[in-house]
Each structure stands twice: as structure tokens, then as C-alpha cells.
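First up is the structure itself, then whatever we jot down about it.
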Amino acid sequence: MEELLYLVGGIAILIFTLYDFFFTTISGSGAAYLSKTCAKLTHKLVLVLEKGICRRMLNISGMAVNLSVLASWIFFIWLGLFLVYSFNPEGIVDSSGREATVVERIYFTGYVLSTLGIGNFKPTTPFFEILTSLFSFYGFVFFSTSMTYLLSVSSAVAHKWSLASSINSLGSNPSEIVNKFLKMDSSFSYQQISNLQQMIGQYSINYKTYPVFHYFHNADGEISIGTSIARLDEAVSIMLNNRKFDPIREELQMLRESLDQLFKNLKKRFRNKADEEPEINWYNLQLPEDLLMEGFSEDQTLPERRKILTGMLQNENRNWKNVYPNLA
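When you line the sequence shown up against the working numbering, it's residues -15 to 312, in that order.
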């Protein structure tokens, strides 16, 4: 009976982990349960350490999350295969025919998964021989697929930093962004908006495909993606709700639609994390007098948008003062 439990438990762990691995790395649909849970727990630990030690701990967040996810895949595949081998201890023997001990079966399992061969132990039953061949091949697939996945995540992270830098080049707060667009030539403003729209669209796709890349942070506040997206969205809201920007309204609306699509992907993760409602009055910002005299129309979408943005900021241990430095 105990041996049957080993077999059933081992097979169940293998199926669960293999599904999680292949769904996360090649489905393009996000992360499965094990990867998602492991990433969240590791990220929470990094944020705690960041508060207790120093802000530069944020720089290792993405690396720590990726390593913990990889380690969880290796651990559970190793555990599952070991349990399957353990349901018939006589099925693994050394060169003299002696039955492998528990520690030796753990060693043999790792040797098989590492694609090094079978070492000084070997399977003796047809079932174990086929199983050993399959997981020797899986070891090769695991390492090659993992490396490809990590390279894709690295590319998405590089795009994320590029987006943050592009937004920050427009201004360090929403007021500066608005003022810069006011001074821009119309053709140049069209180009800037078009570039931002494309980059946000790609960021939205990357987030949906590789949600783990959202755990990559930077201790440098200038390239915080949460702060950057919040600054841009606030600036776009200001411009869309003021008639001074009617000449580029259509382009701004297209940029807003790209942000809306991004928020749809972010909503499930970040909206319920918000525990603060920022009190922001656009009339108190450092904006040109003629812009303030024109007035702002009411935007019913702001409360919902700010809830998602608040969650994004909290995900990086930041708040609205990083968006509006002079916020009371």
C-alpha cells in the first residue's frame, strides 16, 4: 500500500509540475499556479528585505523570482521522479546488483535529470528503464527551454526599462510632461505619442505573456515603471480634459486607448491592492495660467485608473509622492 502511494503521489507531482513548466514557458498565456505562487512569495520577501535593509534590494527582485521559480520546478520534478523510483526500491541497483538506498535513489534521480547519464546505478525493470530514458530527455528539454524563456523575459525587461526611460525623458512629473507637450511642434508631438503608444502596446503584450517580468524592479526611482506609467496617465488625463490640446486630441485618445488596454491586464492584479486614494487637484499643479483658466472637464474614469496605479506603485514600495513630488 505504501509503495502504491509513492507511485500515485510521484506521478501526480510530475504531471502538476510538468504542466506548470510547459504552460509558463511556451504557452504565451502567463504563468501557472506553482510559478505564480512562488513568484508572489519571493517578491513579498524581497519587498520586506528592501524595507528592512536597503532600497537596492529591489535590484535583485527579478533575479530572485526567476531563480525561485526555476528551483521550484527542479525540486518538484526531482521529488516526483524520486517517489516513482521509490515505489519499487529493487528497481534501482548499483554495479554489483545491490539495491539503492534512499540517498542513492535521490542521487540517481538528480543524475538522470541533469542529463549526465545514469552513473554507477542503473534501472532493472522495463518501466524504470523507459522512465529513465524519458526524463533524461526531459532534462535536456528543461534546460534549453528554461534558457530560451529567461532570454525572452530579459528582452521584455529591457523593453520595460526603455519605456520607463522614454516617459521620464518627457518630465519628472505630470506637470512637466504637460508643459513639454504644450511647447512641442505638432508634428513632433504626434511622433512622441505614436512611439509611446507602440511601446505601451508592446509592454501590455509582454505583461500578459511573461507576468514574471513585472517583478523586476530598479532601485533608481527614475526608471520605475509604476511611477512612469502613473506620470504619463495623469498627464494624458490632464491633456484630454483641457481644450488647449484639441489639435492633438485624436492622437492622445489613441494613446489613452493603449493605456486602457494595459490597465485591463493590470486590473486583476493591482486594483485590489490599493489602500489609499490620492487627493490630487490639477489646479494646484505648476501649469501655465492660460491652461488653468481654460479649466478641466470632469473625468469619471480617474478613480478607477488611480486604484490600479496605486497598486502598481505599492508593488514597488512607492506612492503618489513619487508621481507628484509636491503632493501634500
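We put the beta carbon where it would ideally sit given N, CA and C, even for glycine.
Any C-beta of chain C under 8 Å from that of residue i
| i | result |
| --- | --- |
| Pro73 | Considering every chain present, this structure includes no chain C. It has just one protein chain. |
DSSP three-state assignment for residue i, whether helix, strand or coil
| i | result |
| --- | --- |
| Val307 | coil |
| Met223 | helix |
| Ala23 | helix |
| Arg240 | helix |
| Ala15 | coil |
| Arg253 | helix |
| Phe71 | coil |
| Ala203 | coil |
| Met168 | coil |
| Asn163 | helix |
| Arg233 | helix |
| Phe280 | coil |
| Gly313 | In the structure as shown, the chain begins at -15 and stops at 312. Residue 313 is therefore absent and cannot be evaluated. |
| Glu313 | This structure cannot speak to residue 313, because the chain is shown only from -15 to 312. |
| Thr285 | coil |
| Ser56 | helix |
| Glu263 | coil |
| Met(-15) | coil |
| Leu118 | helix |
| Asn152 | helix |
Minimum C-alpha distance to residue i - residue among the options
| i | options | result |
| --- | --- | --- |
| Ile292 | Ile(-3), Leu250, Ser171 | Leu250 |
| Phe247 | Ala140, Gly75, Ile184 | Ile184 |
| Leu54 | Ser70, Ile209, Val196 | Val196 |
| Leu275 | Ser146, Asn306, Ser159, Phe111 | Ser159 |
| Trp62 | Met168, Gln298, Val307, Ser98 | Ser98 |
| Ser138 | Gly46, Leu180, Phe92 | Gly46 |
| Val49 | Tyr69, Val68, Ala23 | Ala23 |
| Leu100 | His27, Ala140, Phe127 | Phe127 |
| Asn310 | Ile44, Ile264, Ile76 | Ile264 |
| Arg253 | Val(-8), Tyr3, Val220, Gly14 | Gly14 |
| Asn104 | Phe111, Pro110, Gly94 | Gly94 |
| Phe200 | Gly12, Met277, Ile44, Ala16 | Ile44 |
| Gln186 | Ser156, Ser242, Ala219 | Ser242 |
| Phe66 | Ile189, Ala(-4), Thr294, Ile209 | Ala(-4) |
| Val86 | Tyr(-10), Ile209, Val141 | Tyr(-10) |
| Thr132 | Gly12, Thr116, Lys28, Ser188 | Gly12 |
| Gln237 | Ser178, Ile114, Gly64, Thr109 | Ser178 |
| Arg289 | Leu269, Ile207, Ser188, Ala214 | Ala214 |
Bridge partners - residue i, DSSP secondary structure assignment
| i | result |
| --- | --- |
| Phe105 | Asp78 |
| Glu83 | Val77 |
Rounded separation between residue i and residue j - CA only
| i | j | result |
| --- | --- | --- |
| Leu313 | Met296 | With the chain covering only -15 through 312, there is no way to say anything about residue 313. |
| Phe5 | Tyr122 | 11 Å |
| Ser149 | Gly279 | 30 Å |
| Glu300 | Leu(-2) | 34 Å |
| Leu42 | Tyr308 | 22 Å |
| Pro262 | Asn303 | 9 Å |
| Lys228 | Leu271 | 12 Å |
| Thr211 | Asn306 | 6 Å |
| Val30 | Asp169 | 44 Å |
| Leu239 | Ile58 | 42 Å |
| Val(-8) | Thr21 | 24 Å |
| Ile232 | Leu166 | 10 Å |
| Val96 | Met(-15) | 27 Å |
| Ser130 | Ile10 | 10 Å |
| Val125 | Phe119 | 9 Å |
| Ile151 | Val220 | 12 Å |
| Ser156 | Leu147 | 14 Å |
| Leu180 | Thr8 | 28 Å |
| Asp217 | Asn225 | 12 Å |
| Ile76 | Tyr3 | 27 Å |
| Arg39 | Pro73 | 50 Å |
| Tyr267 | Asp230 | 19 Å |
| Leu(-12) | Phe111 | 15 Å |
| Gln175 | Gln182 | 11 Å |
| Thr285 | Gln245 | 14 Å |
| Tyr91 | Leu18 | 24 Å |
Assigned exposure category for residue i - 16 Cβ within 10 Å defines buried
| i | result |
| --- | --- |
| Lys144 | buried |
| Gly36 | exposed |
| Gly81 | exposed |
| Glu235 | buried |
| Met223 | buried |
| Ser79 | exposed |
| Phe172 | exposed |
| Thr26 | buried |
| Val32 | exposed |
| Ser188 | buried |
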